[in-house]
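For the sequence shown, the residue numbers in the numbering used here are 53 to 750. Here is the structure we will look at.
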Amino acid sequence: MGLSVSKLCRFYETPFSPGPTYCPRVGKRQRPCLVAAVPSVVDRSREVHVALRKARKHRSGGWAPVGLLAVTAGCLTAVGCGPEFEACTETRTCAPASEGGGGAGGEPAAQADSGASGASEVEEGCGTGTTSCDEECVDVAVSVDHCGACGVACDASATCRSGSCVACPKGQLGCDGTCVDPGSDTTFCGAAERCTGEDRGLACNAQDVCQAGVCVSDSAALQSLTLAPATLSPKFDSERLQYTASFPFYTQHLTLAAVAASPAATVSASGTLLSADGIVLTPTPEEELQSLQVDVTAQSGTERSYELALERAPLTKTYVKPFNTRAGFHFGSSVAIDGDTVVVGAPDEDGYATGVDGDDTVGGTTGAASGAAYVLVRGSSGKWARQAYLKADHVFAGAGFGASVAVSGDTIAVGAPRLRNESGDPAGAVFIFAREGSSWAQQAVLKGRAENGWFGSVALSGEQLVASAPRSGFVQYEGGALFSYTRRGVAWEMDAKHPNPPSSDLSNYTWFGYRLGFSGDRVVASGEQLSTVFVLLRSGGTWAVEQPISLPGGALSKANVALDGDTLALSAPGVVHVFTRAGSEWIKQASLSPFDADAADGFGSSLALEGDLLVVGSGCADCRGAFSTFVRAGETWKDGAFVPTAQVEAGDAHGAAVAVSGTSIVVGAPGEDSSARGVNQSAGNNASADSGAAYIYE
């Protein structure tokens with residue numbers, strides 16, 4: 053039979069995917085706007101009929117008495133349209149039918165498939181294997197309300213199997229032809245009474261179990277596991293339970309953070325429940341932790357343990373001396389490191405050599421304090437070896453070449469702040485060297501532009517260089533100034549604008565540029581006689597003061613500085629202050645004091661910063677010296693390691709200069725007196741006073 057067109061709800065189709073689709077529920081009740089789309093196969097026809105008959109039940113609410121059965125794009129489609137049809141607009145638009153035919157806008161009405169049953173069959177009949185009972189198509193083989201025939205209901209404690217009521221064991225219910233325990237069955241968790249409609253319970257998720265009729269998580273897996281600053285090996289995987297956690301030699305605190313895959317699970321370590329911030333462990337060398345177990349308990353009670361074997365990387369030390377050691381070199385007055393390249397400056401070296409790898413065995417008064425820089429590289433074996441010996445292109449006594457050094461990739465900048473100009477004044481200069489393969493060559497010489505400027509403190513980042521002339525009169529008489537350069541090709545060009553504060557912020561003899569740091573588009577600089585440290589920001593080729601930083605009592609005069617990204621460290625007598633940037637404002641995050649009495653002398657005489665690791669040198673001129681590390685965990689800085697060394701003696705000034713890259717720390721000791729030469733040679737005697745040394749700690 054055909055469908056009565058006048059009773060149909062017309063609709064305009066939009067593309068849709070096969071599969072049952074229902075409108076949102078109102079409380080426990082299905083909305084009276086219903087669309088069902090199922091593949092046009094016989095064994096799914098029951099779903100279409102059920103959908104149609106559900107739609108018919110809402111006739112009293114203004115519904116059309118039947119839905120539409122049609123074949124569209126290979127799918128059987130059942131549609132019911134009612135007073136809330138607007139809820140269906142995401143998939144199609146419904147509109148009232150006009151009597152006798154076409155839909156709105158002249159569209160033809162959808163017709164029933166010629167092979168479909170007639171209207172009475174759609175209303176009264178059901179598909180194969182189902183029977184119409186109370187206007188619903190049911191499978192009387194398993195229906196507890198219509199078991200074997202319409203109206204034959206099984207008891208609440210029975211199920212329907214093959215059309216016959218079968219009693220279930222005590223405590224179980226019949227659900228879809230099966231006796232289940234509603235307290236533990238994950239398909240009918242919490243089912244009640246006749247296991248129909250709202251009493252069918254819940255189907256638990258794949259990671260859940262049913263306990264006392266409630267779906268609870270059975271997942272005892274971790275979603276993430278970190279032990280900063282340790283590295284896990286192998287890489288964390290929630291299904292892998294055993295790891296090795298290796299951490300740097302300077303580590304004094306480990307921060308454990310573990311997040312369970314299920315929010316309902318609990319995580320603990322060493323009997324302590326973990327919060328969102330984790331817990332802090334202290335693996336001191338004196339009482340070293342060997343292992344750590346992280347326990348996860350699921351909501352269901354299931355447990356899983358992750359085991360971490362802890363390994364502190366052994367402290368290795370490379371002892372570096374000049375290859376031409378002589379008294380008074382002050383080798384180690386400046387140090388720099390980037391990856392596998394280390395540069396050490398000796399501003400009072402007296403060799404006659406010039407350029408790269410000249411004869412470094414001869415020296416004398418003509419070359420006194422001309423200075424040199426030494427380049428070392430780490431090979432594939434992990435050992436450090438000499439790569440280059442750098443000198444100015446002419447011997448200039450007293451130039452102080454190597455007083456400041458910087459390295460970035462294959463570029464090295466060396467300052468010679470006392471190099472005299474044609475007029476005999478110490479204007480200073482900066483020498484740039486570039487590496488190709490394993491060979492270094494001088495690329496540029498940048499000369500100071502003001503008399504007595506002492507141009508030559510350097511900071512280098514990629515193609516950008518900032519150099520200071522702390523006694524320059526460019527802004528104020530000996531007020532100091534900074535100059536910026538950019539490499540274009542192989543040429544270094546002075547920028548049109550320079551990172552200097554307004555002249556009103558400087559005065560005579562402030563010696564701005566005494567220390568400087570450079571990271572990204574920011575420069576920080578202090579003054580020898582200036583109580584304010586300036587952070588300057590470059591934007592569009594122009595430099596401007598982002599923030600002046602001062603502390604009570606002029607504590608930042610002669611401040612050493614270190615800058616890395618959004619973190620800034622400034623030294624004051626006996627303390628190091630750490631600032632972090634929020635927008636354009638620098639806010640103090642911590643004030644760090646020496647945590648070992650032997651580090652108090654000269655604490656903050658040098659600074660190096662990379663990421664969450666801060667290295668503080670204690671390298672006063674008349675002390676043994678040392679260096680300390682501090683590690684940031686979250687927003688908190690924690691004591692790291694205090695590293696003196698048995699080899700260091702009084703007056704070595706160990707820590708007068710420091711640099712860091714990754715887990716490698718370079719420390720200068722310009723007052724060291726050994727007559728040794730080269731890398732890792734015996735210290736021998738102290739016959740070369742103040743020849744200097746450098747140490748690479750890893």
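Note that CB positions come from ideal geometry on N, CA and C, so glycine has one too.
**Study point:** Limits of the beta strand (DSSP E) - the one that GLY242 falls within
**Key:** Where GLY242 is concerned, there is no enclosing beta strand (DSSP E), given that its DSSP letter is neither H nor E.
Review point. ASP557 by DSSP, collapsed to three states: which one?
Key: DSSP places ASP557 in helix when its eight states are reduced to three.
Review point. Taking DSSP as the reference, what is the three-state secondary structure of THR183?
Key: For THR183, the secondary structure class from DSSP, reduced to helix, strand or coil, is strand.
Check your understanding: Taking C-beta to C-beta, are GLY423 and ASP412 nearer than 8 angstroms?
Key -> No, the Cβ-Cβ distance between GLY423 and ASP412 is not below 8 angstroms.
Exercise for review: Look at the Cβ atom of THR278, then the Cβ atom of ALA309, and state whether they are nearer than 8 angstroms.
Suggested key: The Cβ atoms of THR278 and ALA309 lie closer than 8 angstroms to each other.
Point to revise | Beta-carbon gap between CYS189 and CYS199 smaller than 8 angstroms | key: No. Outside cutoff.
Exercise for review: Tell me whether PRO315 sits in a helix, a strand or coil according to DSSP, three-state version.
Suggested key: Three-state DSSP puts PRO315 in coil, outside helix and strand.
Practice item. Please classify GLU1: does DSSP put it in a helix, a strand, or coil? Key: This structure does not reach residue 1, given that the chain is present from 53 up to 750, and the question cannot be answered.
Check your understanding: For VAL482, which option in SER509, SER271, THR406 has the closest C-alpha, if you only look at C-alpha atoms?
Key -> The residue among SER509, SER271, THR406 with its C-alpha nearest the C-alpha of VAL482 is SER509.
Point to revise | Nearest neighbour of SER271, chosen from GLN259, ALA280, GLY265, ALA264 [CA to CA] | key: Taking only the C-alpha atoms, the option nearest SER271 is GLN259.
Review point. Skipping 5 residues on each side, what residues in its chain have a beta carbon closer than 6 angstroms to that of LYS610?
Key: Hits under 6 angstroms: GLU580.
Exercise for review: Go through its chain and collect everything with a Cβ distance to VAL459's Cβ below 6 angstroms, but skip five positions before and after it.
Suggested key: Hits under 6 angstroms: ALA388, ASP390, THR393, VAL395.
**Study point:** Close beta carbons around TRP563, own chain, < 8 angstroms, minus the five adjacent residues each side
**Key:** Around TRP563: PRO522, ARG523, GLU530, GLY531, GLY532, GLY579, GLU580, GLN581, LEU582.
Check your understanding: Of the choices ALA728, ALA444, ALA741, SER385, whose alpha-carbon is the least far from that of PHE375?
Key -> Here the closest residue by C-alpha is ALA728.
Check your understanding: Of the choices GLY572, ASP400, VAL268, SER716, whose alpha-carbon is the least far from that of ALA316?
Key -> Residue VAL268 is the option with its Cα nearest to ALA316.
Check your understanding: CB-CB under 6 angstroms to ALA219, same chain, minus the five flanking residues each way: which ones, in chain order?
Key -> The beta carbon of ALA219 sits closer than 6 angstroms to those of ALA210, all from its chain and outside the five residues before and after it, given in chain order.
Point to revise | Span separating the alpha-carbon of GLN625 from that of PHE655 | key: The residue you asked about is not Gln; residue 625 is Pro in the sequence shown. In a straight line, the C-alpha of PRO625 is about 7 angstroms away from that of PHE655.
Practice item. Evaluate ASN257 with the Cβ neighbour count: other Cβ atoms within 10 Å of its Cβ, from every protein chain shown; 16 or more gives buried, anything less gives exposed. Key: It counts as exposed.
Review point. Based on Cα-Cα distance, which residue from LEU362, VAL408, LEU471, ASP477 lies nearest to PHE301?
Key: Residue LEU362 is the option with its Cα nearest to PHE301.
Practice item. Compute the Euclidean distance between the alpha carbons of SER320 and ILE331, then round it to the nearest angstrom. Key: Each residue's Cα considered, the two are about 10 angstroms apart.
Review point. Looking at the structure shown, is ARG356 part of a helix, part of a strand, or coil, going by DSSP?
Key: Correct three-state label for ARG356: strand.
Review point. Counting Cβ pairs, one atom from each stretch, are 3 or more of them under 8 angstroms apart for the region 539-550 and the region 580-600?
Key: Contact between the region 539-550 and the region 580-600 is present, because at least three Cβ pairs lie under 8 angstroms.
Review point. Looking at C-alpha atoms only, which residue of THR183, GLY450, LEU622 is the closest neighbour of ALA201?
Key: Restricting attention to THR183, GLY450, LEU622, the CA atom closest to the CA of ALA201 is found in THR183.
Check your understanding: Can you tell which of SER658, GLY671, ASP648, LYS690 has the C-alpha that lies nearest to the C-alpha of LEU665?
Key -> That would be LYS690, whose Cα lies nearest to the Cα of LEU665.
Review point. What's the C-alpha gap between ALA739 and GLY703?
Key: In a straight line, the C-alpha of ALA739 is about 14 angstroms away from that of GLY703.
Review point. In angstroms, rounded to a whole number, what distance separates the CA positions of ALA125 and GLY179?
Key: With a pLDDT of 32 at ALA125, under the threshold of 50, the modelled position of that residue is not reliable, and the figure given next carries that caveat. Computed Cα separation, rounded: 21 angstroms.
Check your understanding: Across which residues does DSSP place HIS446 in a beta bridge pair?
Key -> For HIS446, which the question treats as bridged, DSSP gives no partner whatsoever.
Point to revise | Under the three-state DSSP convention, the category PRO646 falls into | key: Coil.
**Study point:** Beta-carbon contacts of GLY397 that lie in its chain and below 6 angstroms, excluding the five residues immediately before and after
**Key:** Within the same chain, GLY397 has close Cβ partners SER385, SER386, ALA425, GLY454, VAL457.
Review point. Hey, how far is the Cα of GLU488 from the Cα of TRP544?
Key: Straight-line Cα distance between these residues: approximately 17 angstroms.
Practice item. Have a look at the DSSP bridge pairing and note the partners of PRO600. Key: Answer by DSSP bridge pairing, in chain order: PHE586.
Point to revise | Cut-off 8 angstroms between Cβ atoms - residues of its own chain near ALA735, not counting five sequence neighbours on either side | key: Contacts found: TYR371, GLN699, SER726, ALA728.
Practice item. Go ahead and pull the three-state DSSP assignment for THR296. Key: Three-state DSSP puts THR296 in a strand.
Review point. Within 10 angstroms of its Cβ, does GLY203 collect 16 or more other Cβ (buried), or is it exposed?
Key: GLY203 comes out exposed.
Point to revise | For GLU515 and TRP436, the rounded distance between their alpha carbons | key: Rounded to whole angstroms, TRP436 to GLU515 spans 26 angstroms at the Cα level.
**Study point:** Short Cβ contact (8 angstroms threshold) for TRP506 with GLY476
**Key:** No, the pair does not count as a contact, with Cβ atoms beyond the cut-off.
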